[in-house]
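Residue numbers for the sequence shown follow our numbering, beginning at 462 and rising by one. Every residue, glycine too, gets a C-beta built ideally from N, C-alpha and C. So the structure is just underneath, and the comments pick up after that.
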Amino acid sequence: NTLSIPETVKEKAAVIYRKVLEKGLVRGRSIAGIVAASLYAACRSARTPRDLREFSAKSLVNRKELSRDYRLIVRELGIRMPVSDPATYLTKVAENAGLSGQILGDALRVLKNAKAKGVLAGKDPTGLAAAALYIASMSAGDKITQKEIAGAADITEVTVRNRYKSLKRQLSLEFD
């Protein structure tokens, strides 16, 4: 199991999958897609940060199908999902990028400020985490590129750049 998902979350996924079967929602859909979407839904509801891309890569189900099956499960089973907090992704991205604990702490402060101003809603949490780390790196004078941060977060440079620009503008940050 390369996603290292806790046993309790796997059990929750099995319960979700059984409910999907009982409701007859599998009909016309791939079992692999429904299984992966059930596991993703269990991770989300248990606040175990996993990315849709990770599931797609490991399950051999394309992201579009996985996303559609996930939305179907949430809608049809009436599951209330907690909103993903970008802070939960900070450590993973920082480790992948080889960033210091100091920068991690600064990035957490950037996200706290952004959350206080209400500018995080509806944005990809991984992108926000990456942008916060980039901002923290810049203010610490660390020479890390948007490309390096994007690679560490497994997102595009464009996402990092867009989130960085919007955070910089909304938090009125200035860099040399």
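Taking the straight line between their C-alpha atoms, what separation do you get for residue i and residue j?
i: residue 475; j: residue 500; result: 8 Å
i: residue 606; j: residue 467; result: 34 Å
i: residue 599; j: residue 610; result: 12 Å
i: residue 469; j: residue 635; result: 45 Å
i: residue 535; j: residue 511; result: 17 Å
Going by CA-CA distance only, name the one from the options that's closest to residue i.
i: residue 490; options: 470, 516, 551 and 526; result: 526
i: residue 551; options: 542, 495 and 562; result: 562
i: residue 495; options: 632, 511 and 531; result: 531
i: residue 579; options: 627, 498, 465 and 480; result: 627
i: residue 564; options: 577, 603 and 542; result: 603
Suppose contacts are defined by Cβ-Cβ distances below 8 Å. Is residue i in contact with residue j by that definition?
i: residue 517; j: residue 540; result: no
i: residue 477; j: residue 533; result: no
i: residue 594; j: residue 544; result: no
My assumption, with CB atoms under 8 Å, is that residue i sits in contact with residue j. Please give the rounded CB distance.
i: residue 585; j: residue 620; result: 7 Å
i: residue 597; j: residue 568; result: 4 Å
i: residue 473; j: residue 503; result: 4 Å
When you compare the region 607–620 with the region 587–594, are there three or more beta-carbon pairs, one atom per stretch, that lie closer than 8 Å?
Flag = yes, the region 607–620 and the region 587–594 touch.
Three or more C-beta pairs below 8 Å linking the region 512–531 and the region 562–577:
no
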